[in-house]
Amino acid sequence: MNIFAKLLAVSRRKSPWIYTVNSGSCNGCDIEIGPCVSPRYDGEQIGMLRQGSPKHADILLVTGAMTKRARHAVLEIYAQMPSPKAVVAIGSCPASGNVFAGSPTVDGPLDTFIPVDVWVSGCPPRPQVIIAGVAQAAQLLAEGRTADQQRRAKP
Amino acid sequence: MGIFSIVWRNFGRSARTRHPTDMPPTASTFRGLIEQDVGLCTGCKACATVCAPKAISFDEEHETGITWNFFAGQCSFCGLCVQFCPTNAITNRGKLPPVTGDQSRLRVVHEIRYQPCAGCGRPIIPIPEAALEQVYGTKLTGSEAAQRELCPECRRKEAVRHIHDAFLARGG
Amino acid sequence: MMVEIGQYVFAVLLWPGLLGAAALGFFYLWIARKLNARLQGRRGPPFFQPFFDFVKLLGKETVVPRGVNPALFYALPFIALTATVFGLVIVPVPGHAVASFPGDIILLLYLLEVPVICDVMAGYVSQSIYGQVSAMREALMGLAYNVPLLAAVIAMAQTAHSFRIGTLQSAPFGVVTGLAAIAFLVAVPARLKSNPFSIPNAEQEIVAGAHVEYNSALLAIFELSHALEVVLLFDAFFVLFVPHLDSVLANAALYFLISLGLIVLVTLAAATTARLTVKQAFRFYWVWGGLAAGAAMAAAVIG
């Protein structure tokens, strides 16, 4: 890689800007994402900033089972994020629906709708584990191994 | 002015931030990722029955044994399986649930093999030795140990023969 | 002639223009974030964080929302950047080679207003309700903080009887300088959109403000022009209100010291205050800012 590509890769790893969306969560995972920016765990150490607009974010954090009501919003938000982007599924609800699987209002696991790069398991996962998940997604972005980047790299 | 004393105090001390790799210790009662010791499993399916999100399931379609299937991506870490397992095969000793890009790393499959019954040859899952040790507090020997490898039918027949021998051998 | 062109190119591209001011601006942004974090009891970002944020944004794809005028959408960040860079060129900081000309303080004031206008237009161009509210707030705040800002500059010009920055820089230090400096400082937090006057980019109220639909390289240019605006404001403060020392080295050292002091002051104010409403900000700037402005002007007229 030339020097600019290497610099860009390092910058992608060091500047993970996140956007969180709740697709039907019980709020347990959302409550655990809050302390990620508190003084105890401080995501800003790794450059993590919680952005208000999906257009400013690189990494989408999704909590909750994909409910029918939130499906359109989550797909819209994912489409509005500029590439390269990564998706981190927080908790066990996006992976399987947890206790809500099979409910008539839950559509299915997250990866049937958008490609997921990192699964952070837990119910809810601890804040530091969430930060580790974000750091792992940032590493994938730097290496070009996120699903979005691989899809774009294919000719 | 409270805010000024707060920022002055914060500035004077070093930050109370943990580095991302410095995980805080978990309490002794922390309900983490479950681990199953397949050597203690009797296939009673109590864990699958009490599992709220149906993360634990048993697959009985195979000929060689049954499999204990666990999907950590469905687990709600409630600890009911730990509480209800009669042989203490499942533990959740504070291991943090994993962060992974590959969802298959969240699935665990353990096989509990059938063994032919020592009496009739039917495939059974014998009570594990370690489970019996937990109950009796000592390793079983002799005929008591031999009964472990019998199916319930053969074990009943063995118990009747034992009683018959005991009464008729004495009486006469 | 060639030497002069060379000097201008150096001034625009290296110092005090684009690259030098960008490095300094990113340094100030880092100090602001790190100090803010420490005051909140956190650890804060590593040193090169603003630079990494900038480079990462450059590497993203640009998304233009539907219905937005693409020419304007693309042009606004670059207009803001260009105006700020040329503003930096005409301020005689240490190491500066471009000569001062009559009326350049007026040009500087106009160039200082261009990034604000670009932000306001960016908010309207975005076709987003958040952008429009932010644009309206920014325009209103402009009416508020320009009272002390302009009065400070006018008071200094009145005392020195000249609109030439070179003359203002070498003017003797007096009561007017002190009062005008206070008036200027009062306006700085609002110019930088930092607490308690971070009204145009109130995250909890209007998401990301005027930049809500901006992304990738365009957002990076806006962030860069914001960093350069910080440097420009501090440069202007140093040149107008700090006495000019004879030794070049001492002057440079004083420049860095004053700039560091200013960013620390602004960050302290940001960390210890909460955001005001537009009405409260207006009242503050027209009452207290007006008083400071009036005092500076009175001292200039009387003295």
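Chain order of the listed sequences is Y, E and W. First residue of the first sequence? That's 690 in the working numbering, and the numbers climb one at a time after it. First residue of the second sequence? That's 1080 in the working numbering, and the numbers climb one at a time after it. First residue of the third sequence? That's 29 in the working numbering, and the numbers climb one at a time after it. For glycine and all other residues, C-beta sits at the position ideal for the given N, C-alpha and C. As the structure is a computational prediction, the values presented were derived from the model and not from experiment.
According to DSSP, residue pairing for S1136/E in a beta bridge involves N1148/E. At a cut-off of 8 Å, the C-beta of L67/W has a neighbouring C-beta in chain E. In the three-state DSSP reduction, P814/Y falls in the coil class, being neither helix nor strand.
Interface flag for P1177/E against chain Y is set, since a Cβ pair is found closer than 8 Å. Going by DSSP, V763/Y is part of the alpha helix (DSSP H) stretching over K757 to Q769. When Cβ-Cβ separations below 8 Å define contact, T1128/E makes no contact with chain Y. A direct Cα-to-Cα measurement between L277/W and H124/W gives close to 13 Å.
When C-beta distances to chain Y are compared with 9 Å, the residues of the stretch 72-99 of chain W below that value are G72, P73, P74, F76, Q77, F79, F80, D81, F82, V83, K84, L85, L86, G87, K88, E89, T90, V91 and P93, in chain order. Cα atoms of T1100/E and L696/Y: separation of roughly 24 Å, rounded to the nearest angstrom. When secondary structure is reduced to three states using DSSP, H1189/E falls in the strand class. With a contact defined as Cβ atoms closer than 8 Å, T90/W and P771/Y qualify at about 7 Å.
P1132/E reaches chain Y at S781, S785, G786, N787, V788, F789, A790 and C812, counting residues in chain order whose Cβ is nearer than 9 Å.
In the displayed model, D719/Y falls within a helix according to three-state DSSP. Think of a sphere of 7 Å around the beta carbon of N1148/E: no beta carbon from chain W falls inside it, the nearest being about 41 Å out. Only exposed fits T1220/E, as fewer than 16 other CB atoms lie within 10 angstroms of its CB.
Contact between Q68/W and N1089/E holds, since their C-beta atoms are separated by about 6 Å, short of 8 Å. In this structure A821/Y touches V1178/E by the C-beta definition: roughly 5 Å separates them, less than 8 Å.
Contact annotation: in the stretch 282-314 of chain W, residues whose CB is within less than 7 Å of a CB in chain E are A299 and T300. Counting C-beta pairs closer than 8 Å gives three or more between the stretch 704-718 of chain Y and the stretch 745-755 of chain Y, which meets the contact rule.
Neighbours of T1096/E across chain W, judged by C-beta separation under 9 Å: A65, G69, R70, R71 and G72.
Counting only runs that start and end inside the stretch 1093-1132 of chain E, the alpha helix (DSSP H) elements of at least 4 residues fall at 1125-1129.
Contact between M1102/E and Q769/Y does not hold, since their C-beta atoms are separated by about 34 Å, which reaches or exceeds 8 Å. Chain W places a beta carbon closer than 8 Å to that of V1086/E, counting this residue as a contact.
Annotation: the continuous beta strand (DSSP E) that includes G797/Y extends over V795 to G797.
In this structure, M30/W sits away from A183/W, with a CB-CB distance that is not shorter than 8 Å. Of all residues in the stretch 713-728 of chain Y, those with a C-beta nearer than 7 Å to a C-beta of chain W are P728, reading in chain order.
Shortest Cα-Cα distance from P705/Y to any of Q839/Y, A831/Y and R840/Y involves A831/Y. Note that the C-beta distance between F1150/E and C1126/E is not below 8 Å.
Taking the Cβ atoms as the reference, F250/W lies roughly 17 Å from S700/Y, outside the contact range of under 8 Å.
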